[in-house]
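Written below as structure tokens is the structure these notes are about.
There are 2 protein chains.
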Amino acid sequence: MREVAVLGVGQTRFGELWDRSFREIGIEAGLQALVDAKLSSAQLGGLFLGNMASGSLLDQEQIAPLILDYAGLARRHLPAVRVEGGGASGALALHAGYLAVASGLYDYVVVGGAEKLTDVPDATANQITSATADHEWEVVFGATLPALWALIARRHMHLYGTTREQLASVAVQAHAMGSKNPNAHYRNKLTLEQVVGAGPVAEPLGVFDCAPLSDGAAAVVLGPLETARRHTDTPIRLAASQVACDTMAVQHRHDLTALASTREAAVRAFAQARRAPADVQVAEVHDAYTISALLSLEDLGFVEKGRSGPAFAAGEFGGSGRLTVNPSGGLKAQGRPFGAVGVAQVVELVRQLRGEAKDRQVSGATLGLAQDVGGTGATSVVTLLERAN
Amino acid sequence: MREVAVLGVGQTRFGELWDRSFREIGIEAGLQALVDAKLSSAQLGGLFLGNMASGSLLDQEQIAPLILDYAGLARRHLPAVRVEGGGASGALALHAGYLAVASGLYDYVVVGGAEKLTDVPDATANQITSATADHEWEVVFGATLPALWALIARRHMHLYGTTREQLASVAVQAHAMGSKNPNAHYRNKLTLEQVVGAGPVAEPLGVFDCAPLSDGAAAVVLGPLETARRHTDTPIRLAASQVACDTMAVQHRHDLTALASTREAAVRAFAQARRAPADVQVAEVHDAYTISALLSLEDLGFVEKGRSGPAFAAGEFGGSGRLTVNPSGGLKAQGRPFGAVGVAQVVELVRQLRGEAKDRQVSGATLGLAQDVGGTGATSVVTLLERAN
Chain A
2 MREVAVLGVG QTRFGELWDR SFREIGIEAG LQALVDAKLS SAQLGGLFLG
52 NMASGSLLDQ EQIAPLILDY AGLARRHLPA VRVEGGGASG ALALHAGYLA
102 VASGLYDYVV VGGAEKLTDV PDATANQITS ATADHEWEVV FGATLPALWA
152 LIARRHMHLY GTTREQLASV AVQAHAMGSK NPNAHYRNKL TLEQVVGAGP
202 VAEPLGVFDC APLSDGAAAV VLGPLETARR HTDTPIRLAA SQVACDTMAV
252 QHRHDLTALA STREAAVRAF AQARRAPADV QVAEVHDAYT ISALLSLEDL
302 GFVEKGRSGP AFAAGEFGGS GRLTVNPSGG LKAQGRPFGA VGVAQVVELV
352 RQLRGEAKDR QVSGATLGLA QDVGGTGATS VVTLLERAN
Chain B
2 MREVAVLGVG QTRFGELWDR SFREIGIEAG LQALVDAKLS SAQLGGLFLG
52 NMASGSLLDQ EQIAPLILDY AGLARRHLPA VRVEGGGASG ALALHAGYLA
102 VASGLYDYVV VGGAEKLTDV PDATANQITS ATADHEWEVV FGATLPALWA
152 LIARRHMHLY GTTREQLASV AVQAHAMGSK NPNAHYRNKL TLEQVVGAGP
202 VAEPLGVFDC APLSDGAAAV VLGPLETARR HTDTPIRLAA SQVACDTMAV
252 QHRHDLTALA STREAAVRAF AQARRAPADV QVAEVHDAYT ISALLSLEDL
302 GFVEKGRSGP AFAAGEFGGS GRLTVNPSGG LKAQGRPFGA VGVAQVVELV
352 RQLRGEAKDR QVSGATLGLA QDVGGTGATS VVTLLERAN
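Same order as they appear, the protein sequences are chains A and B.
Per the working numbering, the first sequence starts with residue 2, numbered consecutively.
Per the working numbering, the second sequence starts with residue 2, numbered consecutively.
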């Protein structure tokens with residue numbers, strides 16, 4: 002299998018981008034990535050785009066050719082393919098782009114993720130979010146995505162003694178990290194008291210335990226590792242890209258507090274890269290809800306099952322320890338434009354591995370992990386990125 | 002690049018399947034394909050699913066893991082990825098599955114396509130259909146998908162003298178073919194008078210110039226060609242899979258009467274397979290509208306630009322000539338469950354190339370072509386299938 006590298010990255014600001022259309026943000030991120038990769042559009046072989054909700058929210062399907070068209074590339078008739086898996090759509094697009102280059106049929110591709118979520122009524126956006134749960138077994142009975150994660154949180158608290166404050170510490174760290182990220186949706190800091198005292202969404206989760214809905218786009222250029230140095234002095238090798246799935250409905254799982262899809266994707270990814278969790282210095286994980294970050298750290302193998310709460314609250318993942326988690330601010334502070342999230346995670350890791358992350362640089366990072374999750378874990382994608390020597 | 006073969010095929014009946022859910026039809030087609038490929042689910046490496054409208058119509062995203070889950074495979078945590086490109090979603094899923102096996106990261110995958118379109122109000126379904134056009138440049142001004150194809154038809158008539166009766170002959174042949182297909186949505190025959198005399202949808206296109214909206218699912222099993230004979234006596238080689246795109250809006254094209262995306266995808270596919278249009282004995286092409294079939298035959302290289310109308314009306318593609326078109330009945334008679342169409346085209350071609358197509362067998366077929374189109378041609382996928390010796 003041909004080795005694949007990330008040659009360039011681009012990202013818009015995440016947030017409420019009311020003055021800019023879906024196509025504009027998609028193109029901005031893609032062009033940034035092409036410029037960063039020193040790749041002319043004439044060398045480009047195709048586009049793989051992650052997006053979840055343009056059909057429901059914008060009445061627009063076929064958005065991969067749409068972005069290609071408005072980037073001025075339709076006349077070259079490039080292939081453009083949209084990939085969807087709820088909140089994991091971006092990382093799934095990366096997986097598809099990875100397969101494209103690894104197969105040898107494509108040389109250089111842009112993988113993009115884009116989503117516009119704030120131009121529609123909140124009720125509509127929340128309905129869309131719940132479309133990633135099991136419609137027939139969860140949603141029609143009134144379950145929403147935060148309610149399902151709250152159920153999981155309660156069980157984790159019951160089984161392992163995880164506290165409300167430990168959950169809150171995830172959000173506090175996210176906002177501290179996000180305050181250093183110029184692309185972040187939220188750059189304000191939060192205190193533990195503010196998070197714990199905020200209004201409830203689905204108890205024990207309050208407003209500040211839940212990531213916002215954001216507009217935003219991100220893009221990376223992938224190409225063969227063997228020719229990567231023509232494009233960048235610091236090629237980042239895509240050491241693994243693995244997808245795993247689980248039941249749609251939480252109630253159908255053996256263990257409420259395990260993200261089995263994440264565990265499996267991680268096991269496969271570490272096997273593919275011949276590395277172990279202890280080798281990773283920087284990770285971007287799924288903190289759409291504070292509880293989802295805790296489960297993720299456990300199932301990725303970074304901390305023993307049940308120990309993530311105390312470890313997080315003690316600041317083990319905040320930059321002083323062996324592993325720094327979500328230096329971008331994560332979904333909680335950087336923002337949550339569904340389809341863009343998984344691509345933005347890779348953008349952040351590439352900047353970290355290149356040593357270009359400025360104020361939020363994790364020193365000496367050589368191996369990074371991104372984990373992107375759809376719904377309550379029906380889809381997980383784990384990506385390992387390594388600085389090529 | 003590793004060579005890829007189709008090892009098994011499965012398909013539900015297409016039509017108004019009100020008594021069966023989305024998940025049921027998806028699973029039926031997938032299991033049929035696994036049985037046909039003599040593949041146990043333990044050997045299966047992943048699922049690639051084409052679907053266009055489950056988010057909009059069923060409030061359900063992440064439908065690839067949903068199908069996996071209800072097939073009883075969630076416990077194995079297989080990868081499952083949904084791919085979307087309007088009416089071309091099924092063939093794009095095939096392209097993604099092809100890349101997966103060609104790359105070597107996957108060995109055996111199911112590629113499925115499924116869609117439920119008849120359980121919702123007609124107005125909703127028609128809105129969804131138009132979501133494959135350019136929302137901001139076409140749909141908000143009142144253009145619908147049939148109206149855009151009608152515009153193209155008028156131009157083709159003006160430039161090349163194509164007649165109303167020539168358009169109608171496409172539907173007449175489709176129903177004649179579909180009458181022999183037990184899975185077809187419509188098995189009644191039509192006369193030229195019936196098609197020409199039917200009520201208008203968007204003139205010159207009448208009701209019988211437009212394919213129906215259908216429920217249905219189709220699936221194929223892909224695997225490495227080198228081990229294909231363990232699974233089947235008649236492996237069908239995926240000789241080419243190519244995607245090309247074009248502007249979303251018809252008004253932005255140089256030539257209204259050319260499907261440039263189809264032309265480019267076909268050129269690339271014939272180059273990949275080192276074959277030419279004259280080598281193809283059987284083709285499944287995009288007859289969502291009678292005019293779209295005529296354009297497709299021209300841009301695939303089967304007939305000179307402007308000559309498709311007389312050639313079709315003369316019966317050149319009806320089974321007596323060098324090339325038989327749409328022996329399944331096509332979208333017009335077999336039916337049009339968006340995401341399933343591109344996969345069903347491949348199912349039909351595999352049956353033809355194996356010599357298992359019964360009443361509708363094209364004798365001696367060794368090379369087949371499938372062409373799947375999204376919207377008015379923003380996406381085209383061309384697949385070449387060859388009987389392996």
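Cβ atoms here follow ideal geometry from the backbone N, Cα and C, with glycine treated the same way.
Computed from a predicted structure; not experimentally measured.
Check, Outcome
"Decide if the stretch 83-101 of chain A is in contact with the stretch 39-50 of chain A; the criterion is three or more beta carbon pairs, one per stretch, under 8 Å apart.", "yes"
"If contact means a Cβ-Cβ distance below 7 Å, which residues of the stretch 236-261 of chain B contact chain A?", "V244, A245, C246, D247, T248, M249, A261"
"Taking only the alpha-carbon atoms, compute the straight-line gap between Q362 (chain A) and Y290 (chain B) and give it to the nearest angstrom.", "56 Å"
"Nearest to E1 (chain A) by alpha carbon, out of A:I237, A:L149, A:A54, A:I129?", "Look at the range of chain A in this structure, 2 to 390, and you will see that residue 1 (chain A) is not part of it."
"Taking the alpha-carbon positions, what's the P311 (chain B) to G27 (chain B) distance?", "39 Å"
"Suppose contacts are defined by Cβ-Cβ distances below 8 Å. Is E62 (chain A) in contact with L226 (chain A) by that definition?", "no"
"DSSP three-state label for A219 (chain B), please.", "strand"
"For a test of the three-state rule: what should DSSP assign to A358 (chain B), helix, strand or coil?", "coil"
"So T119 (chain B) packs on S215 (chain B), CB below 8 Å; how close in whole Å?", "7 Å"
"Is the stretch 240-256 of chain A touching the stretch 362-380 of chain A, taking contact as three or more C-beta pairs under 8 Å?", "yes"
"What is the DSSP secondary structure of Y71 (chain A), reduced to helix, strand or coil?", "helix"
"From A177 (chain B) to T192 (chain B), what does the alpha carbon distance come to, in whole angstroms?", "9 Å"
"Does any residue of chain B have a CB that is nearer than 8 Å to the CB of L370 (chain A)?", "no"
"Looking only at its chain, what residues have a beta carbon closer than 8 Å to the beta carbon of L79 (chain A), apart from the 5 residues adjacent to it on each side?", "L45, G46, G47, L48, L69"
"Please classify N182 (chain B) as buried or exposed, where buried requires at least 16 neighbouring CB atoms within 10 angstroms.", "buried"
"Can you check which of these residues, A:Q33, A:D60, A:G322, A:S242, is closest to A279 (chain A) by C-alpha distance?", "A:G322"
"Measure from the C-beta of L79 (chain B) to each C-beta in chain A and report whether the shortest distance is under 8 Å.", "yes"
"When the Cα of A72 (chain A) is compared with those of A:E137, A:T133, A:A89, A:E29, which residue comes out closest?", "A:E29"
"Taking Cβ positions, are V222 (chain B) and A34 (chain B) nearer each other than 8 Å?", "yes"
"Tell me, please, whether the CB atom of R83 (chain A) is closer than 8 Å to any CB atom in chain B?", "yes"
"If you run the structure through DSSP and keep just helix, strand and coil, what is R83 (chain B)?", "strand"
"Thinking C-alpha only, which one of A:P201, A:E204, A:F209, A:V202 is nearest K190 (chain A)?", "A:F209"
"Would G65 (chain A) pass as an interface residue toward chain B - the criterion being a Cβ-Cβ separation below 8 Å?", "What sits at residue 65 (chain A) in the sequence shown is Ala, not Gly. Answer yes: the Cβ-Cβ gap between A65 (chain A) and chain B drops below 8 Å somewhere."
"Please determine, among B:E305, B:L298, B:E85, the residue with the shortest C-alpha to C-alpha distance to M53 (chain B).", "B:E85"
"If you draw a straight line from the alpha carbon of A185 (chain A) to that of S262 (chain A), how long is it in whole angstroms?", "28 Å"
"Anything in chain A within Cβ reach of V140 (chain B), meaning under 9 Å, just list it in chain order.", "D60, Q61"
"Would T258 (chain B) and L296 (chain B) be called neighbours here (beta carbons separated by less than 8 Å)?", "yes"
"At which residues does the alpha helix (DSSP H) containing F271 (chain B) begin and terminate?", "261-274"
"Residues of the stretch 351-367 of chain A with a CB closer than 9 Å to any CB of chain E: list them in chain order, please.", "This model lacks chain E altogether; the protein chains it does include are A and B."
"Taking Cβ-Cβ distances below 7 Å as the criterion, which residues of the stretch 263-277 of chain B are in contact with chain A?", "E265"
"From E285 (chain A) to Q195 (chain A), what does the alpha carbon distance come to, in whole angstroms?", "24 Å"
"In three-state terms, what does DSSP make of S55 (chain B)?", "helix"
"Throw me the rounded Cβ distance for the G31 (chain A) and G113 (chain A) pair, which I believe falls under 8 Å.", "5 Å"
"What residue ranges within the stretch 299-340 of chain B form continuous alpha helix (DSSP H) runs of no fewer than 4 residues, ordered along the chain?", "309-314, 331-334"
"Could you name the residues of chain B that H287 (chain A) contacts, counting a contact when the two beta carbons are closer than 9 Å?", "None at all; the shortest Cβ gap to chain B is about 14 Å."
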